[in-house]
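Data first, discussion second: the structure below is written as structure tokens.
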Amino acid sequence: MKFTPETYKIPDIPMQPFIDKDEIWEYLHNTVPTKKRIREVIDKSLSKQRLNLEEVAVLINADDPESINEIKEGAKQLKQTIYGNRIVLFAPLYVGNKCTNNCLYCGFRATNKEQIRKTLSDEELVHEIEALEDNGQKRLILVYGEHPDYNAEYIAHTVKIAYSVKKNKGEIRRVNINAAPLDIEGFKTVKKAGIGTYQIFQETYHRETYKSFHPWGKKADYDYRLTALDRAQEAGLDDVGIGALIGLYDWRFEVMALVRHTNHLEACYNVGPHTISFPRVKNASALNINDKYFVSDEEFTRLIAILRLAVPYTGMILTAREPEKLRDEIIQYGISQIDGGTKIEIGSYVEKDKNHNLNKGQFKINDDRSLNEVIDELLNQEMIPSFCTSCYRLGRTGEHFMEFSVPGFIKQFCTPNAILTLAEYLTDYAPADTARKGWEVIEKNLGSLSETRQKQIREKIEKIKQGERDLYF
Ligand code: SAM
Ligand code: SF4
């Protein structure tokens, strides 16, 4: 079907369609990945230029082992040059699992009578946040089902609570959101509460497939979801995250569509998505889908490397849905953010119970490590775990502050701030062995910075040791 403005009704904003399945398939069917062309595309990306759809199709169609290896190596190199060796850490916090939709892949869906429904009271929310702060968390993503109880005012209310909780030296410095699409007024309301990124995953960009997985409820409206982040932009909320749930439809199509969505946001608002997510479908209570489009670990790694090359400057998130070994391995191909110490059953940070109950959560997570265990592994790999929130708090967002567009940005800001937030963690929360490793990693990384920056950082670290907190550049 060719889209026309008549078949494509965009609520609130007059707009031309931007996902055209025929266009995507045409690229995928007609692009030939010669060795020379693959090399050219990788080189273009390594010079930090965005790839167009034809070039992304070249990488997707390259499926011999040698080319796949070249793509992975390219992604690794690009990640190193753009993001350095820091990894940003966060934790998800599920606020409520009531839901009026019936997404067939999700344990929260309305027809799942096994799911134990719960919304945290304000007091319970405070306790969850205190437990997260006790572990050293500074960045949260609040997650909600889609329900009239979880409207924009309620979301804003929970965000304000999150920022207000301060336990010992702990505090939450950035609250991101993953929730249902809002209207423009709703986005204004949550922006006013001081949120960071608003994430909405399209789940699948393939309209017919979307329809089959979202048979009824508000989420059945593909267009309302697809245009949600346009409404966010209209509301002045320019920090947005996109994503596709990998396993609902052909991953090749979803990767192309994620890039197309990125192009759309860039073309219309001069700033692309802050992050891209690519959760893979995991087991869930009363999961009701077949595995026709499930992707193997190998394909998943490829997909990540291709996305890294396609959108060099966009943050990429890999969550605890994936098992620890795979996460540790895949990080190198382009991941910039991971969660640590994750629990997704409602109220489970306080419960400290390691056993999962699928009927209390959305799906099964496969990396059960504590935040400190994740940090420990990152340090073993000589990466710098970072809790940095400085850009967003200093207003360094939008097109002029794309990390790659400011010369030396990483060395000026990202590495120093990663070091300072790690120093805080090591001082306040880390066991002795982690602390020893952490200070070693800090020393090694200081060596890569200018003399002036090194001196400034050392001064700030001294202040941290004397009890000052939240120091950044
Ligand atoms: N209810 C809101 C919505 O649907 O937009 C918030 C999102 S939901 C709580 C978070 C995300 O988890 C979904 O957008 C979906 O991509 C993902 N998800 C749902 N079921 C999943 C499953 N079985 N395995 C992995 N991820 C899943
Ligand atoms: Fe509800 Fe979101 Fe789950 Fe769909 S994915 S059933 S909207 S919580």
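Here the sequence shown is numbered in the working numbering, starting from -13 and rising by one per residue. Cβ atoms here follow ideal geometry from the backbone N, Cα and C, with glycine treated the same way. Small disclaimer: the values here were computed from a predicted structure and weren't measured.
About 5 Å separates the beta carbon of K153 from that of E116, a gap short enough to meet the 8 Å contact definition. Inside the stretch 331 to 356, DSSP marks whole alpha helix (DSSP H) runs of 4 or more residues at positions 334 to 337, from first to last along the chain. Under the 8 Å Cβ criterion, the stretch 82 to 95 counts as touching the stretch 263 to 276, having at least three qualifying pairs.
By the Cβ-count criterion, P298 is buried, with 16 or more other Cβ atoms from all chains shown falling within 10 Å of its own Cβ. T328 is not a Cβ neighbour of I361, given a cutoff of 9 Å. Here P51 is exposed. Its C-beta has fewer than 16 other C-beta atoms within 10 Å. Taking C-beta atoms as the reference points, D353 and G122 fail to come closer than 9 Å. With a cutoff of 9 Å on beta-carbon distance, A306 and I324 are scored as near each other. Here S263 carries a strand assignment [DSSP, helix/strand/coil]. For N343 and E100, the gap between their C-alpha atoms comes out near 11 Å. If you draw a straight line from the Cα of N83 to the Cα of Y130, it is about 6 Å long.
Here P402 carries a helix assignment [DSSP, helix/strand/coil]. If you draw a straight line from the Cα of T375 to the Cα of H247, it comes to about 26 Å. D325 sits in a strand when the DSSP states are folded into three classes.
Taking L457 as the centre and dropping the five residues before and after it, the same chain places the C-beta of L406, K446, K449 and I450 closer than 7 Å to its C-beta, in chain order. DSSP places T190 outside both helix and strand once states are collapsed to three, so it counts as coil. Of the residues assessed, S53 falls on the buried side of the cut-off, its CB having 16 or more other CB atoms within 10 angstroms. Proximity of the beta carbon of I186 to the ligand SAM is indicated: a heavy atom of the ligand is located closer than 8 Å. The C-beta distance from G320 to R288 rounds to 11 Å, too long to fall under 8 Å, and the pair is not in contact. Ranked by how close their Cα comes to the Cα of E410, the residues L234, R355 and S372 have S372 in first place.
Within the stretch 65 to 132, the complete beta strand (DSSP E) segments of 3 residues or longer fall at 72 to 82 and 125 to 130, listed in chain order. For K441, the number of other beta carbons within 10 angstroms of its own is below 16, and it is reported as exposed. In the DSSP assignment, L304 falls within the unbroken beta strand (DSSP E) covering G301 to L304. With a cutoff of 8 Å, R103 does not count as near the ligand SF4, since its C-beta is closer than that to no heavy atom of the ligand. In this structure L45 is not in contact with R238, their Cβ atoms being roughly 10 Å apart against a cut-off of 8 Å. Here E157 carries a strand assignment [DSSP, helix/strand/coil]. Distances from the alpha-carbon of T213 to those of G180, A404, P201 and L168 put L168 closest. Beta-bridge partners assigned by DSSP to Y184: I163 and V226.
With a cutoff of 9 Å on beta-carbon distance, N87 and A206 are scored as near each other.
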